[in-house]
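Engineer: Just passing along the structure, written as structure tokens.
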Amino acid sequence: MEASSDNLKNLLPMLKVVMPRQEMTSGIRRPYRQYEEDRHFPIYAPVWHPVGAPHRFSRPQLGSGNGFAPFKPHGFEKSEEHLKVGAGIGDVGYLNELGTFTFFFNIFYPKDDPIQTSHIPRNFTPIEPSLSEWEVKTVPGHFPPGTVIASKGLEVSHVPDSEGKIKFSTSAREAAVMILPSGAAREDLVDTSRLHEYVKTHATDWYQHRNLYSGINSALPDPPGMNGTLYLITGSDKAKSWANAALPQNATMEELPMLFSYDPSSRDDRFTHIDYYTYSVFLRGITIALSAASWEKHLPEIPPDEVPSQSLHRRPLFDPQNRLVRIWHWLQRFKKEYIPYSDGIFHPSTFLLQVLVNMAPEADLALVEDSVWCSVINGESLTHETFILFLHRIVEKYDVTTNAGIATFVSREPKTTNPSLVQKMLAVTSRSSTSDKQMLKIIERLLSDQPKPTRKKNS
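Heads up, the sequence shown is in the working numbering, so the first residue is 921 and it goes up one at a time.
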């Protein structure tokens, strides 16, 4: 991304983010953190040693701008009926640490419908009126057969005279590839605004249900349902067959570039091809957060040593050209890190919800649609460094607005297709407003004022 000198000055404080000093401890879980406020959001934790194929797959695929790509599109906790149709519009659940969507219920179906699971709130009532065909935009052949979706830095080539096989190599620290042998259809809710009031009415109950909380002392699930993690699907890309891979296959591998080959007929855990079920290979939706006051009033306190993290790689996607910088990055692989006890899957909306909750503390609810971050991701594979630039683009493009107690991001791009010079000047002036400075200050604080991690990890 190109940035002016003024923009870079605004970013300098964030580029110097340092996690709080870590203290050695003999236990697996750390003593209580030196933060008095309740941490109801996951910890944002840039780390040197990210692990796990789900993370190395889903993070790079965010850059495609298609939404969130589950590592295992079949997901968990689904009824047989739901497996047949795949995750879709109206589904409520969360993205778990394995990179899959855990389904709870669908807001458009009655409580006793076969598509529902046992994980449905006791006071559940479906939204009215029910979903109509005209509310859904469907593109049957959005991805043609044989589509290959590769993240930044991944070179893909087909193997001559070998139908259904490809080779791919990369010099990136992490990369991901998705293959759709039969293509995929796309469906999206045309207008999501009618869901907002319904979500506002029921979000507290949903979070209580997610945390098995009834207003008295209850055992929290593991991991707990943190604020900013409930997800309402408003669109998906569905396929009958798929295959994916996360690179490098071993998070500690440094022999780059690497070369792999793929056979779509493979049936192991990484390369699946089953025609019976429908798989949602990309999900788009609304991520939901309660205000700090609402959480404190209606939800249990999450013990600090049980707060999970969402992590990005501290190291750049590609090795820097400067030799001394490369050596310094290489030495970091030998560091001992402290990470939260449960490393949740990273999703940009969770951090953006924290920005909304801080920008609009008077709101009861905050909502972030995936279209917000998809519009500024620009094909990037997010690392800590590129995430800072990504957040700056959010500040440039969006305002925070509160309507009927619901805080959201609203695009402030000129509505005219060819804005005049005066309109451009007015847009630039508005972007240095007090609200922008406030948002940048909140982002800087959220990036730097993170709780201390809680579990020691030896590299």
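Beta carbons: idealized from backbone N, C-alpha and C, even for Gly.
Taking the alpha-carbon of A1283 as reference, which of E1289, E1300 and I1326 has the nearest alpha-carbon?
Structural biologist: Nearest C-alpha to A1283: I1326.
Engineer: Could you have a look at I1035 and say whether DSSP puts it in helix, strand or coil?
Structural biologist: In this structure, I1035 counts as coil in the three-state DSSP scheme.
Engineer: Do the stretch 1293-1306 and the stretch 1046-1053 make contact, defined as three or more Cβ pairs closer than 8 Å?
Structural biologist: Contact between the stretch 1293-1306 and the stretch 1046-1053 is absent, because fewer than three Cβ pairs lie under 8 Å.
Engineer: Assign L1152 to one of three DSSP states: helix, strand, or coil.
Structural biologist: Strand at L1152.
Engineer: Which residue wins for smallest C-alpha separation from E1316, given the options L1287, T1354, D1290 and N1043?
Structural biologist: The candidate whose alpha carbon is nearest that of E1316 is T1354.
Engineer: Using 10 angstroms around the beta-carbon of A1104, count the other beta-carbons present and answer buried if the total reaches 16, otherwise exposed.
Structural biologist: It is buried - the Cβ of A1104 has at least 16 other Cβ atoms within 10 Å.
Engineer: Decide if V1110 is buried, meaning its Cβ has at least 16 other Cβ atoms within 10 Å, or exposed.
Structural biologist: Exposed, since its Cβ has fewer than 16 Cβ neighbours within 10 Å.
Engineer: Is there at least one non-hydrogen atom of the ligand SAM closer than 7 Å to the beta-carbon of S1355?
Structural biologist: You won't find the ligand SAM in this model; it holds no ligand whatsoever.
Engineer: Across the stretch 1089-1096 and the stretch 1115-1129, are there enough close Cβ pairs to call them in contact, namely three or more that are closer than 8 Å?
Structural biologist: Segments in contact, no.
Engineer: Enumerated in chain order, which unbroken segments of the beta strand (DSSP E) with a length of 3 residues or greater are wholly contained in the stretch 1084-1120?
Structural biologist: 1086-1090, 1095-1100 and 1104-1109, all fully within the stretch 1084-1120.
Engineer: Look up S1229 in the DSSP assignment and say whether it is helix, strand or coil.
Structural biologist: Strand at S1229.
Engineer: For P966, collect the residues of the same chain with a Cβ closer than 6 Å to its Cβ; drop the 5 residues on either side in sequence, then sort them by chain order.
Structural biologist: Cβ within range, chain order: L1232, R1234 and H1304.
Engineer: On the three-state DSSP scale, how would you describe I1040?
Structural biologist: The answer is coil: DSSP assigns I1040 none of H, G, I, E or B.
Engineer: For the 8 Å Cβ check, are there 3 or more pairs between the stretch 1011-1024 and the stretch 1032-1047?
Structural biologist: Yes: the two stretches touch, three or more of their Cβ pairs being nearer than 8 Å.
Engineer: Name, in chain order, the residues that DSSP records as bridge partners for V967.
Structural biologist: Looking at the DSSP assignment, V967 forms a beta bridge with H1233.
Engineer: With a threshold of 8 Å, are at least 3 pairs of Cβ atoms found where one atom belongs to the stretch 1028-1037 and the other to the stretch 1058-1078?
Structural biologist: Taking 8 Å as the limit for Cβ pairs, the verdict is that the stretch 1058-1078 does not touch the stretch 1028-1037.
Engineer: Kindly indicate which three-state DSSP category H960 falls into: helix, strand or coil?
Structural biologist: DSSP places H960 in coil when its eight states are reduced to three.
Engineer: Hey, quick one: how far does the alpha helix (DSSP H) through A1212 stretch, first residue to last?
Structural biologist: From DSSP, the alpha helix (DSSP H) with A1212 extends over A1212 to H1218.
Engineer: To test your reading of the DSSP string, which unbroken alpha helix (DSSP H) runs of 4 or more residues are found completely within the stretch 1298-1332?
Structural biologist: List check, alpha helix (DSSP H) in window: 1304-1317.
Engineer: What three-state label does DSSP hand E1055 in the structure shown?
Structural biologist: Of the three classes helix, strand and coil, the one that applies to E1055 here is helix, per DSSP.
Engineer: Can you name, in chain order, every residue of its own chain whose Cβ lies under 6 Å from the Cβ of L1018, other than the five neighbours on each side?
Structural biologist: P974, listed in sequence order.
Engineer: Kindly confirm or deny that the stretch 1269-1278 and the stretch 1203-1216 touch, where touching means at least three C-beta pairs closer than 8 Å.
Structural biologist: Touching, yes.
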